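Novice:
In UniProt numbering, the protein residues as written are 1 to 750.
1) Sort 364, 283, 396 and 417 by Cα distance to residue 337 and report the nearest one.
2) Considering Cα atoms alone, identify which of 257, 312 and 253 is closest to residue 274.
3) Taking the alpha-carbon positions, what's the residue 557 to residue 481 distance?
4) Which same chain residues, not among the five before or five after residue 238, have their C-beta less than 7 Å away from its C-beta?
5) Just verifying my parser: in three-state terms, what is the DSSP assignment at residue 642?
6) When burial is assigned at 16 or more other CB atoms within 10 Å of the CB, is residue 588 buried or exposed?
7) Need the endpoints of the beta strand (DSSP E) that residue 378 sits in, please.
8) Nearest-angstrom Cα distance between residue 83 and residue 155?
9) Label residue 201 either buried or exposed according to how many other C-beta atoms from any shown protein chain fall within 10 Å of its C-beta, with 16 as the threshold for buried.
10) If contacts are defined as beta-carbon pairs under 8 Å, then residue 529 and residue 543 qualify, I think. What distance do you get, rounded to the angstrom?
11) Let me confirm a value: residue 390 is counted as buried when at least 16 other C-beta atoms fall within 10 Å, else exposed. Which label applies?
12) In the DSSP output, what is residue 253 paired with across the bridge?
13) Consult DSSP for residue 223 and reduce its assignment to one of helix, strand or coil.
14) Name the two residues that bound the continuous beta strand (DSSP E) containing residue 461.
15) For residue 196, which residues does DSSP report across the bridge?
16) Please name the residue in 459, 476 and 460 whose C-alpha comes closest to that of residue 466.
17) Kindly list the residues whose CB is nearer than 8 Å to the CB of residue 365, restricted to its own chain and excluding five residues on each side of it in sequence; keep chain order.
18) Using three-state DSSP, classify residue 543 as helix, strand or coil.
19) Is it a yes or a no for the region 397-407 touching the region 190-199, going by three-plus beta-carbon pairs under 8 Å?
20) Just curious, the beta strand (DSSP E) that residue 553 is in, first and last residue?
21) Determine the extent of the beta strand (DSSP E) in which residue 182 is found, giving its start and end residues.
22) Can the beta-carbon of residue 235 be found closer than 9 Å to that of residue 179?
23) Nearest-angstrom Cα distance between residue 219 and residue 745?
24) Counting Cβ pairs, one atom from each stretch, are 3 or more of them under 8 Å apart for the region 203-214 and the region 283-301?
25) Contact criterion: CB-CB distance below 9 Å. Does residue 275 meet it with respect to chain C?
26) Could you say if the region 495-505 and the region 675-692 meet the contact criterion of at least three C-beta pairs nearer than 8 Å?
27) Under DSSP, the alpha helix (DSSP H) around residue 720 begins and ends at which residues?
28) Is the region 425-444 touching the region 571-591, taking contact as three or more C-beta pairs under 8 Å?
29) In the DSSP assignment, what are the bridge partners of residue 303?
30) With burial defined as no fewer than 16 other Cβ atoms inside 10 Å of the residue's Cβ, what is the status of residue 541: buried or exposed?
31) So the beta strand (DSSP E) residue 601 belongs to, where does it begin and stop?
32) What is the residue span of the beta strand (DSSP E) that residue 448 lies within?
33) With DSSP as the reference, label residue 740 as helix, strand or coil.
34) Tell me the residue span of the beta strand (DSSP E) that contains residue 233.
35) Measure the CB-CB distance between residue 227 and residue 343 and report whether it falls below 9 Å.
36) Pull up the DSSP beta-bridge partners for residue 273, would you.
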C-alpha cells in the first residue's frame, strides 16, 4: 500500500511539468481582443495556481499518511520519504506563487525555466518525466539507506572561570578552529541499553597494559576501544574527524602545528578533570624507551613534546612532515598524568595487570579481574558524556564477560550449550557444515551471521624469519609459497569460505593490481630449490646443502591450524623440505614472534583503515624486538617510499606509494600468504539485535557488537524456545550486505 502511495505522490509532483506548459502555450496561441486574452490568461493562471496548491495539499496528506506507515516500511525510510514530499510540497507552493506573479514559465520536459515567452508543441507525457527520477520503490530503497544524523553536544559556558575564553575556558566559541558537530549516527537510535554478553578469550593476555611491551593483543583492543578516549577520532563511516575529549582542533597553514581544545566537561573515572597535562603525560609515556615499544617511538617521535597552553588547551609541533601526525596524535588514547607520570620501567610493572582511571564509557574493575580465568568490561553509569546525543545507538550492552577457554574445540561445545553468547567462529567447517546441523540453528535460536562491510583485510599466513639460515634466500622463500596448496585447502577443507591473498593490503585501493597469484606449483618450487643449491639428499629423502638438512620448524598457536599445516607439511616433504610443527600457547607464541625467536610462524594480523607501512616494513626495525617487523624485512627502496608516504598529503599519490611498496614486498615473500574471509563471520544466541547495517562500516568481526543491543523480548522468547523444543524463532538473514549496497548507492551519486 505504501509503495502505491509513493508512486501516486510522485505522479502528482510531475503534474506541473505537464499541466502548466499546456496552459502557457495555449495562451501564447490566442488571436483576438488583448483585454479578453489577458483576462482569460489571468483566469487560467489562477486556476493553475489553485490546482498547484491542491497538489501541495494532497502531498501534505500523503506526508501524514507516510508518517503513519512505519509498520509497512522501516521508520527511517518513511520519515525520509515524508521529508522529501514536504520539500516537494513547499517547492510546488513556491512554484504556484511564482507562476501567479508571472515570474516563471515552464519549458517542455525541462521543469522550471526563466520567464518570458515560449513556443512549441505541447509536450507528450514522456517529456514530462524528470530525467533520472527513480521509481517509488527505488526512492524508498534509497531512503532506507540514508544514515540518520546526530549532533555532538557541548556547552561553551562551562569550565574553570580562571581560564580565559581564548585558551579554551568559558565563552570559548571555536571561531577559527575546526570541528565536526553533525555527522551520521554511529548506531541505531532505537537501540536499548542493558543486558550482558559472554565472549571467549583463547588465552590470558600477557599484559593488561595499554602501552609498552606485549600490549598489542586482542583483548587490549577491546579495552582501548571501549574504556579509553582520544582527543579526536575518524568517524567510522565518513572518516572525517569528530570530537571525543576535544571539542575543537586547529591546524596551522603549514600543517606543522596542532592545537586541541579539551571539553571542560570531560572527567576520569575518579571524578577528576581531564586536562592538557594528561595529554602531555600520555605522549611522554609513549616516547619512554624503557616501556620497550620502539614502534611507538617511531610513530610519536615525529612530534615534539606537547605544551599545555592552559588546562583546556594543548599545542604540539611536528619535527617531521607527516600527514598522519594529526591522525596519530589526535587518536592517541589519553591516560591520567597522575597515574602514568612515572619512569617507563615502573609503569610496566605497576600496570602489568591493572589499570589507571578511564575516561571512556566502559571500565574494568579490579574485582572483575580473575587472573587466568575471566575478566569483564562494564558500562559506566557515571560516564561524563553519557547524555550526549552523538553516542545514541552505541555502547549499549551493560557488561561484556570474557572467559578463558584454551581449547577451540571446547569453545565450540560451550557455544552450542549457550555458555558463550557470541563467537567469531574460526573454523570454516564448523560454520558451513556442523553448525547448520544443530537443532538450535535450525530453529533460529543460535544464529549464523555474516556481515559484508568495508573492514580492512589483514595479512594471514606463515611469517618467515628472513634472518634464519636458509630462509635468508628468496628462492627458498618463494619455493615455500609455491608449495602451499591453499586453493586446494580452500575448496576441500574450508568450504570455499575464503579467497587467496595476493597482497599485503588486500581488497582495497592500496592493493597492487599487478601482483599475480602464486598458486601451487611444485615443479617451479623444485627448480628454485635446485638453483639455491639444495641438490643433495639424505637417507630420508630431504634436501641437503653443505652438510645441512633443509629443515624448519613452524610454530602455531591454535590446534585448528593443524589440518591445513599438516597438508602443507606433506607438500613440503614431497619437495624435500622437512617441516616440524610446534604448538605453542597464544601468549608464548606471541612473545616468540615479537622477539623474532622462530623460523616459521603461522599467524594473522589485523589491518588499518589508513595504512602505516613503516611500522611493519621499515628496515631499522628489523634488528629490534617488540615491533611489527617480525620477519626482519629490509629494503632501502621501501624505506624511501615510507618516508615519502609520510610526507605526502595527496591521497592519489599515497595510494600509488603503497601499491609500489606492496609490489616490492610481495615477490620477496616475507610470508607464505594464505587466505582471507570476505565477510565478518560469527555465531550468536538470538537475544541481540543489530542496526540494519549489521554494525559499523569498518568494524572487524568482534567490533560489530559495539552497536548491537540486548532485547529483553527476544531473550524471553529464547528462554521459551529452550524450554519447549517445538518453539522456533525468526533469525535475521544469514548474510548482511547492507554496506555493499550503501557503497553502490554512494558510487552512483545518491
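Note that beta-carbon positions come from the ideal geometry of N, C-alpha and C, so glycine has one too.
In this text the structure is predicted, and so the values were computed from the model without any measurement.
Specialist: The structure says:
1) In the chain shown, counting from the first residue as 1, residue 337 sits at position 337. Looking at the Cα atoms, 283 is the closest of the given residues.
2) Along the chain shown, one-based indexing puts residue 274 at 274. When C-alpha distances from residue 274 are compared across 257, 312 and 253, the shortest belongs to 312.
3) Residue mapping note: residue 557 aligns to position 557 of the chain shown, counting from 1. Residue mapping note: residue 481 aligns to position 481 of the chain shown, counting from 1. Rounded to the nearest angstrom, the two C-alpha atoms are 20 Å apart.
4) Here residue 238 is taken as the residue at index 238 of the chain shown, counted from 1. For residue 238, where only same-chain residues beyond five positions count, the Cβ hits under 7 Å are 183 and 184.
5) On the chain shown, position 642 is the one that residue 642 refers to. The answer is helix: DSSP assigns residue 642 an H, G or I state.
6) Against the chain shown, residue 588 aligns to sequence position 588. Residue 588 is exposed by the Cβ-count criterion.
7) Your numbering for residue 378 matches position 378 in the chain shown. Where residue 378 is concerned, the enclosing beta strand (DSSP E) stretches over 374-379.
8) Here residue 83 is taken as the residue at index 83 of the chain shown, counted from 1. Here residue 155 is taken as the residue at index 155 of the chain shown, counted from 1. Bear in mind that a pLDDT of 41 at residue 83, under 50, signals an unreliable position, so the number given afterwards is only what the model happens to contain. Rounded to the nearest angstrom, the two C-alpha atoms are 30 Å apart.
9) Start at 1 with the first residue of the chain shown, and residue 201 comes out as number 201. Residue 201 should be labelled buried.
10) For the purposes of this step, residue 529 is identified with residue 529 of the chain shown, where counting begins at 1. For the purposes of this step, residue 543 is identified with residue 543 of the chain shown, where counting begins at 1. Contact holds; Cβ gap of about 6 Å.
11) In the chain shown, residue 390 corresponds to position 390, counting from 1. Counting Cβ neighbours within 10 Å, residue 390 comes out buried, since at least 16 surround it.
12) Within the chain shown, numbered from 1, the residue matching residue 253 stands at position 253. The partner list for residue 253 (beta bridge, DSSP) is empty, contrary to what the question assumes.
13) Position 223 of the chain shown holds residue 223. It is helical.
14) For the purposes of this step, residue 461 is taken as the residue at position 461 of the chain shown. Element bounds for residue 461: 460-464.
15) Here residue 196 corresponds to residue number 196 of the chain shown, with the count starting at 1. Answer is 399, bridged to residue 196.
16) Residue mapping note: residue 466 aligns to position 466 of the chain shown, counting from 1. Comparing Cα-Cα distances from residue 466 to each of 459, 476 and 460, the minimum goes to 476.
17) On the chain shown, position 365 is the one that residue 365 refers to. Answer for residue 365: 376 and 378, listed in chain order.
18) Walking along the chain shown from the start, residue 543 turns up at place 543. Residue state, collapsed to three classes: strand.
19) yes
20) In the chain shown, counting from the first residue as 1, residue 553 sits at position 553. Counting along the chain, the beta strand (DSSP E) containing residue 553 begins and ends at 551-556.
21) If you number the chain shown from 1, residue 182 lands on position 182. Start and end: 182-184.
22) By one-based count along the chain shown, residue 235 stands at place 235. By one-based count along the chain shown, residue 179 stands at place 179. No; because the gap between Cβ atoms is not below 9 Å, this pair is not in contact.
23) Indexing the chain shown from 1 puts residue 219 at position 219. Indexing the chain shown from 1 puts residue 745 at position 745. Each residue's Cα considered, the two are about 35 Å apart.
24) yes
25) The structure shown contains no chain C; it is built from a single protein chain.
26) yes
27) To locate residue 720, count along the chain shown from 1; it is residue 720. Segment 712-723, the alpha helix (DSSP H) holding residue 720.
28) Segments in contact, no.
29) On the chain shown, residue 303 is found 303 positions in, with the first residue counted as 1. 318, per the DSSP bridge assignment.
30) Within the chain shown, numbered from 1, the residue matching residue 541 stands at position 541. Burial call: exposed.
31) Start at 1 with the first residue of the chain shown, and residue 601 comes out as number 601. Per DSSP, residue 601 is one residue of the beta strand (DSSP E) stretching across 600-604.
32) Residue 448 sits at position 448 when you count from the first residue of the chain shown. Unbroken beta strand (DSSP E) run through residue 448: 446-451.
33) Taking the first residue of the chain shown as position 1, residue 740 is located at position 740. Correct three-state label for residue 740: helix.
34) Indexing the chain shown from 1 puts residue 233 at position 233. Its beta strand (DSSP E) spans residues 232-234.
35) As a working mapping, residue 227 is identified with position 227 in the chain shown. As a working mapping, residue 343 is identified with position 343 in the chain shown. Result no, Cβ atoms of residue 227 and residue 343 do not sit closer than 9 Å.
36) Sequence index remark: in the chain shown, residue 273 carries index 273 (1-based). Note: residue 273 sits in a beta bridge opposite 267.
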